[in-house]
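Student: What follows is a single structure, and I will ask about it in a moment.
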Amino acid sequence: MADATLYRADLTGAEFAGADLTRADLTATILVGADLTNADLTAATLDDADLTATVFTRATLANTLLTGSTWSRETVWPDEHLKAVVAAASTSVADGSFRVGELATAAVPDLP
């Protein structure tokens with residue numbers, strides 16, 4: 007699925023464990039509860055995506071765009087470092103979720 011365009015797709019609960027989503031355009035995609043464990047999202051675009059309860063365990067998010075995406079406390083990030091960076095770039099939304107401000111993981115120091 008490298009280079010795929012899934013713009014505005016509803017992928018609620020999708021199983022993408024181990025998927026190659028390199029350079030995929032997931033802009034405004036709904037990934038609520040999706041499993042992206044071990045997925046490669048290098049240079050993917052997740053701008054304005056709904057990442058509520060999405061699982062990114064051991065996923066690669068190098069050079070990934072996250073601007074405007076929403077996430078929840080149930081979202082599982084690949085590691086504590088990225089979780090902290092995303093949290094610092096986010097603001098709370100009235101429904102208890104969070105919205106990421108400007109964030110491209112290429113700008114994150116020490117991100118594998």
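Under our numbering, the first residue of the sequence shown is numbered 7, with each subsequent residue one higher. Glycine is no exception: its CB is placed at the ideal position from the N, C-alpha and C atoms.
#1: Alpha carbon to alpha carbon, what distance is there between Arg-105 and His-96?
#2: How should Thr-66 be labelled, buried or exposed, when 16 other C-beta atoms within 10 angstroms of its C-beta is the threshold for buried?
#3: I think Ala-10 touches Leu-27, with their Cβ atoms under 8 Å apart; what is that distance to the nearest whole Å?
#4: Return helix, strand or coil for Leu-88, following the three-state DSSP convention.
#5: Assuming Thr-81 contacts Leu-57 (C-beta within less than 8 Å), just tell me the rounded distance between them.
#6: At what residues does the beta strand (DSSP E) containing Arg-14 begin and finish?
#7: When every heavy atom of the ligand NAP is checked, does at least one fall within less than 7 Å of the C-beta of Asp-9?
#8: How far does the beta strand (DSSP E) with Thr-63 in it reach, from first residue to last?
#9: Taking 7 Å as the limit between beta carbons, can you name the residues of its chain near Trp-83, skipping five residues before and five after?
#10: Can you tell me which of the three DSSP states Thr-110 falls into?
Tutor: Reading off the structure:
#1: Checking the sequence, you will find Ser at residue 96 rather than His. Approximately 5 Å, taken between the alpha carbons.
#2: Label assigned to Thr-66: buried.
#3: Right, their Cβ atoms sit about 7 Å apart.
#4: Three-state result, Leu-88: helix.
#5: About 5 Å; that satisfies the 8 Å criterion.
#6: Looking at the DSSP string, Arg-14 is not in any beta strand (DSSP E), and its letter there is neither H nor E.
#7: What this structure holds is no ligand at all, so the ligand NAP is not there to describe.
#8: Segment: none, Thr-63 is in no beta strand (DSSP E) and carries neither H nor E.
#9: Phe-62, Lys-89, Val-92
#10: What sits at residue 110 in the sequence shown is Ala, not Thr. In the structure shown, Ala-110 sits in a strand (DSSP, three-state: E or B).
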